[in-house]
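Residue numbers (this note's numbering), protein chains in the order written: chain A, 70 to 180; chain B, 58 to 169.
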């Protein structure tokens, strides 16, 4: 049974639209992460969290907000989506340094 | 800050060929190095972890080593199979913040 799930799996929105990507983990891990994956850039860290109510800034945070409501749930918010945010988004969880468990990804298209 | 360079964008091999992928890293702390693999349509998954120079990580026929002197780390496999076709990422761990810095990834294509 999948331990990190993401929804939706695909999303299309228009420029200026609001988007919320959801992630849930059942690993009982403290750490959760949001990445974006783009050709030529690999995986880039947007935001991460080490527990409910905590948020840490990643390497490419501009245009993104995130919120960790419980140990299981981590959300990524795009309040004014732009075409440059068209990407494949992954959520991951971790209990130990470097050993991260990824979800299946959400493909977001901003028209 | 930490950085990882993975220059090989794509590697094309035939079955039973030898695989070698190289990354270089820069960090001010003691490095913990990882290799992740991403199969088509899936999220990345941990393949190997290497924590000590000259020690090897071994998993599923893959072997990872690192060289502290040249600040480089390598992934190799003696004989690849078509099922090994995937994207391979090297990554550098930051123990202070429990996060990873990933390389850009190497697409491995293996033809039968």
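Glycine included, each C-beta is placed from N, C-alpha and C at the ideal position.
Fair warning: this is a prediction, and the values are worked out from it, not measured in the lab.
Problem set entry | Which of helix, strand or coil DSSP assigns to residue 129 of chain B | In the structure shown, residue 129 of chain B sits in a strand (DSSP, three-state: E or B).
Problem set entry | Helix, strand or coil at residue 151 of chain B [DSSP, three-state] | In the three-state DSSP reduction, residue 151 of chain B falls in the strand class (E or B).
Problem set entry | Limits of the beta strand (DSSP E) - the one that residue 80 of chain A falls within | Segment 79 to 82, the beta strand (DSSP E) holding residue 80 of chain A.
Problem set entry | Candidates B:113, B:142, B:157 and B:166: closest to residue 127 of chain A by CA position | Looking at the Cα atoms, B:157 is the closest of the given residues.
Exercise. Is there at least one non-hydrogen atom of the ligand COA closer than 6 Å to the beta-carbon of residue 164 of chain A?
Worked result: By its list of ligands, the structure shown contains no ligand whatsoever, and the ligand COA lies outside what it can speak to.
Exercise. Just to confirm, are residue 83 of chain A and residue 177 of chain A a CB contact at a threshold of 7 Å?
Worked result: One thing to note: residue 83 of chain A has its Cβ no nearer than 7 Å to the Cβ of residue 177 of chain A.
Exercise. Considering only the beta carbon of each residue, do residue 162 of chain A and residue 98 of chain A sit closer than 7 Å?
Worked result: Taking C-beta atoms as the reference points, residue 162 of chain A and residue 98 of chain A count as a pair closer than 7 Å.
Problem set entry | Cβ contact check for the stretch 118 to 130 of chain B and the stretch 125 to 145 of chain A: 3 or more pairs under 8 Å | Cβ pair count under 8 Å is below three, so no.
For this session: Grab the span of the beta strand (DSSP E) containing residue 102 of chain B for me, first residue to last.
Result: For residue 102 of chain B, the enclosing beta strand (DSSP E) stretches over residues 102 to 107.
Exercise. Which same chain residues, not among the five before or five after residue 61 of chain B, have their C-beta less than 7 Å away from its C-beta?
Worked result: Around residue 61 of chain B: 80, 82, 147, 148, 149, 158, 159 and 160.
For this session: For the stretch 138 to 147 of chain B and the stretch 84 to 93 of chain B, state whether three or more C-beta atom pairs, one from each stretch, are separated by less than 8 Å.
Result: Because the criterion of three Cβ pairs below 8 Å is met, the stretch 138 to 147 of chain B and the stretch 84 to 93 of chain B touch.
Exercise. What whole-angstrom Cβ distance do residue 72 of chain A and residue 96 of chain A have, given they're in contact under 8 Å?
Worked result: Their Cβ separation, rounded to whole angstroms, is 5 Å, which keeps residue 72 of chain A and residue 96 of chain A in contact under 8 Å.
Exercise. Does the beta-carbon of residue 119 of chain B have 16 or more other beta-carbons within 10 angstroms, so that it is buried, or is it exposed?
Worked result: Looking at its Cβ environment, which holds 16 or more other Cβ atoms inside 10 Å, residue 119 of chain B is buried.
For this session: Using three-state DSSP, classify residue 140 of chain B as helix, strand or coil.
Result: Looking at residue 140 of chain B - three-state DSSP - the assignment turns out to be helix.
For this session: Closer than 7 Å by beta-carbon distance: list the chain B residues that pair up with residue 166 of chain A, in chain order.
Result: The contacting residues are 89, 150, 152 and 155.
Exercise. Who are the Cβ neighbours of residue 174 of chain A in its own chain at under 7 Å, not counting the five residues just before and after it?
Worked result: Within the same chain, residue 174 of chain A has close Cβ partners 75, 157, 158 and 159.
For this session: Determine whether the Cβ of residue 100 of chain B lies closer than 7 Å to any Cβ atom of chain A.
Result: Chain A, which has a Cβ nearer than 7 Å to the Cβ of residue 100 of chain B, makes this yes.
For this session: Report yes or no: is there a C-beta of chain A within less than 7 Å of the C-beta of residue 161 of chain B?
Result: Yes, because at least one Cβ of chain A sits closer than 7 Å to the Cβ of residue 161 of chain B.
For this session: Find out if the Cβ-Cβ distance for the pair residue 133 of chain B, residue 76 of chain B is shorter than 7 Å.
Result: The answer is yes: Cβ separation under 7 Å.
Problem set entry | chain B contact for residue 173 of chain A (CB, 7 Å cutoff) | Closer than 7 Å: yes.
Exercise. Taking 7 Å as the CB-CB limit, is residue 143 of chain A close to chain B?
Worked result: Among the CB atoms of chain B, none fall inside 7 Å of the CB of residue 143 of chain A.
Exercise. From B:70, B:65 and B:58, pick the residue whose C-alpha is nearest to that of residue 136 of chain B; which is it?
Worked result: Comparing C-alpha distances from residue 136 of chain B to each of B:70, B:65 and B:58 shows the shortest one belongs to B:70.
Exercise. At what residues does the beta strand (DSSP E) containing residue 104 of chain A begin and finish?
Worked result: DSSP places residue 104 of chain A inside the beta strand (DSSP E), whose first and last residues are 100 to 107.
Exercise. Would residue 149 of chain A be called buried (16 or more neighbouring beta carbons within 10 Å of its own) or exposed?
Worked result: It is exposed - the Cβ of residue 149 of chain A has fewer than 16 other Cβ atoms within 10 Å.
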